[in-house]
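Structure, as structure tokens:
Number of protein chains: 2
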Amino acid sequence: MDTQKNQPDSRTALLQAARDLIFTRSFEHVGTAEICERAGVRKGSLYHFFSSKEDLVLAMLDALMDDFERAVLVPSLEGPGCIRERIDAFVQAIHGFEAAVHRESGYLPGCPFGNLIVEAGTYSPGLRQAVKRHLDRVAGHFQRCLQEGIDRGELPAHTDALALAERWLALMEGILVMAKVDQDPATILRLGPALHVLIGVSGPHTTSEDPPEGAAGGNA
Amino acid sequence: MDTQKNQPDSRTALLQAARDLIFTRSFEHVGTAEICERAGVRKGSLYHFFSSKEDLVLAMLDALMDDFERAVLVPSLEGPGCIRERIDAFVQAIHGFEAAVHRESGYLPGCPFGNLIVEAGTYSPGLRQAVKRHLDRVAGHFQRCLQEGIDRGELPAHTDALALAERWLALMEGILVMAKVDQDPATILRLGPALHVLIGVSGPHTTSEDPPEGAAGGNA
DNA sequence: AGTCTAGTTGACCGGTCGGTAAACTGGAAG
DNA sequence: CTTCCAGTTTACCGACCGGTCAACTAGACT
Numbered sequence: 178m179d180t181q182k183n184q185p186d187s188r189t190a191l192l193q194a195a196r197d198l199i200f201t202r203s204f205e206h207v208g209t210a211e212i213c214e215r216a217g218v219r220k221g222s223l224y225h226f227f228s229s230k231e232d233l234v235l236a237m238l239d240a241l242m243d244d245f246e247r248a249v250l251v252p253s254l255e256g257p258g259c260i261r262e263r264i265d266a267f268v269q270a271i272h273g274f275e276a277a278v279h280r281e282s283g284y285l286p287g288c289p290f291g292n293l294i295v296e297a298g299t300y301s302p303g304l305r306q307a308v309k310r311h312l313d314r315v316a317g318h319f320q321r322c323l324q325e326g327i328d329r330g331e332l333p334a335h336t337d338a339l340a341l342a343e344r345w346l347a348l349m350e351g352i353l354v355m356a357k358v359d360q361d362p363a364t365i366l367r368l369g370p371a372l373h374v375l376i377g378v379s380g381p382h383t384t385s386e387d388p389p390e391g392a393a394g395g396n397a
Numbered sequence: 178m179d180t181q182k183n184q185p186d187s188r189t190a191l192l193q194a195a196r197d198l199i200f201t202r203s204f205e206h207v208g209t210a211e212i213c214e215r216a217g218v219r220k221g222s223l224y225h226f227f228s229s230k231e232d233l234v235l236a237m238l239d240a241l242m243d244d245f246e247r248a249v250l251v252p253s254l255e256g257p258g259c260i261r262e263r264i265d266a267f268v269q270a271i272h273g274f275e276a277a278v279h280r281e282s283g284y285l286p287g288c289p290f291g292n293l294i295v296e297a298g299t300y301s302p303g304l305r306q307a308v309k310r311h312l313d314r315v316a317g318h319f320q321r322c323l324q325e326g327i328d329r330g331e332l333p334a335h336t337d338a339l340a341l342a343e344r345w346l347a348l349m350e351g352i353l354v355m356a357k358v359d360q361d362p363a364t365i366l367r368l369g370p371a372l373h374v375l376i377g378v379s380g381p382h383t384t385s386e387d388p389p390e391g392a393a394g395g396n397a
């Protein structure tokens, strides 16, 4: 009831192995054999639990999204502070995650959802729609965060939270593409403050740039 | 015997075939056999002119960038009008191109450079650095356009054209990722105006949104 | 006991991939 | 004529891919 631990082994191991491998590399460059090897499972078992590699990845994305919500979206976007501080917390969380992967694996992976779209978006409708679902969910978090800012008077009352959330997501995807080009987590911190301008919380003074604020951008 | 040299060069045909195929699909999903078939050339010839598939793609990117500069960047960013109008022309040009490919092939390809980064960025340093070089060149066009706006007084004098150009590029990449998720060129038009906000030319009134200006004429 | 069944195993398949090797072609030069 | 060589052609390779299959195992239910 509370746990289905009588069968967690192979299926869960496959999901975790697929996540680790596909996240740091890519869907196409990670084969089922490698996934199985890392999971400590034979290939036949993979196809006992999943009907195809795509099916495995679909389930992996669900688990990934759950963890992403729990570890990044909710803590940063529903945490304390004003909109501006929440955006900073969000950027910091993304940076921390990408930097950690980069430190451990040598790769800066970028956005796993965006990566999958680019790889498979033009020929696998199933994967594309699944990724779209998850990105819509991410945008939903942005939207709620923005709406709260509107309700609190931090954003103009006429702000279109839905449209602005989509722009937020677009810029974030682009930032992660740029970071992947550079293979450098610092790019996330350098471009992250652009979100302030896009969302309109760069400060009461000017619309073009935010002043150098303390040592917040510093990295260990 | 006489028409065998009708095609100017097998090399050129291979480059064009690679571009057509890889652009609408992807690097990984287009094989050398298919490229050769489209180019009307046997595989041995491919490896006479290029040392590897990656080498072919590298050369293809150079030609693609030249055409992109000539057909999109220069006409839109160095054309008449203020910064804001140039941004609109740029977005229109990108949209026109993506929509045309989408109409003809059924695929919305997104940014070929961004696609390649996501596909190969984490395991092929050569491709990654080549893409970075080309994207830097694109950002250079943005930067010159912005600098001109600063010189003309359309942008604040303290504007950092280099940093802003990078943000412009990041948002554009993100917009194309979003359009690829949606597989809908309209997403480019919907998100394009966010560039106004990011760059700070959304108008003298407010920082959040630009007024709905209908009838964005089909200008390319 | 016997049966049922979810799960596991390892051998195997057909196909595709990037890339190779060697023979061949035709025109230019000595 | 012979030599030379950029370019072409054809057949082929080994590796790897996602996926299949029938046999097997161990626990649960009757």
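Protein chains in written order, with the working numbering: chain A, 178 to 397; chain B, 178 to 397. Idealized CB from N, CA, C, for every residue including glycine.
Assuming contact is defined by CB atoms lying nearer than 9 Å, are residue i and residue j in contact in what I supplied?
i, j, result
"P362(B)", "L285(B)", "yes"
"L368(A)", "L346(A)", "no"
"V358(B)", "K309(A)", "yes"
"L223(A)", "F290(A)", "no"
"V218(A)", "L192(A)", "no"
"L348(A)", "L375(B)", "yes"
"E275(A)", "G283(A)", "no"
"S187(A)", "E231(A)", "no"
"G330(A)", "Q360(B)", "no"
"S203(A)", "E350(A)", "no"
"A216(A)", "A195(A)", "yes"
"A236(A)", "F227(A)", "yes"
Closer than 6 Å by C-beta to residue i: which residues in its own chain qualify, once you throw out the five before and the five after it? Chain order, please.
i, result
"H318(B)", "L250, L254"
"H272(A)", "P362, I365, L366"
"V378(B)", "I260, R261"
"M242(B)", "H311"
"H279(A)", "L285, P362"
"A240(A)", "L192"
"I174(A)", "No statement about residue 174(A) is possible, as the shown extent of chain A runs from 178 to 397 and does not include it."
Taking Cβ positions only, does residue i come closer than 9 Å to chain B?
i, result
"D239(A)", "no"
"P286(A)", "yes"
"I212(A)", "no"
"D328(A)", "no"
"M355(A)", "yes"
"V374(A)", "yes"
"G298(A)", "yes"
"K230(A)", "no"
"A195(A)", "no"
"I294(A)", "yes"
"F315(A)", "Residue 315(A) is actually Val in this sequence, not Phe. No, because no Cβ of chain B sits closer than 9 Å to the Cβ of V315(A)."
Check for me: the alpha helix (DSSP H) holding residue i runs from which residue to which?
i, result
"L372(B)", "371–376"
"A334(B)", "Careful: A334(B) lies outside any alpha helix (DSSP H) and carries neither H nor E."
"R314(A)", "302–328"
"A277(A)", "260–282"
"P257(A)", "Counting along the chain, P257(A) falls outside any alpha helix (DSSP H), and DSSP gives it neither H nor E."
"T201(B)", "187–201"
"G221(B)", "220–226"
"F245(A)", "230–245"
"V295(B)", "289–297"
"A210(B)", "209–216"
"L368(A)", "363–368"
For chain A, find out if any of its Cβ atoms is closer than 9 Å to the Cβ of residue i; answer yes or no.
i, result
"T209(B)", "no"
"H206(B)", "yes"
"G291(B)", "yes"
"V218(B)", "no"
"D359(B)", "yes"
"A154(B)", "The requested residue 154(B) does not occur in the structure, where chain B is confined to residues 178 to 397."
"G377(B)", "yes"
"A347(B)", "yes"
"V249(B)", "no"
"E281(B)", "no"
So, for residue i: in the same chain, excluding its five sequence neighbours on each side, which residues have a beta-carbon less than 7 Å away from its beta-carbon?
i, result
"A316(B)", "A342, E343, L346"
"R314(A)", "M242"
"E205(B)", "E296"
"I294(A)", "R305, V308"
"K220(A)", "T209, A210, C213"
"L198(B)", "V207, E211, I212, R215"
Ignore the nearest five residues each way along the sequence and tell me which others in residue i's own chain have a CB closer than 8 Å to its CB.
i, result
"M355(B)", "T364, L368"
"I327(A)", "P333, A334, T336, A338"
"G303(B)", "E231, L235"
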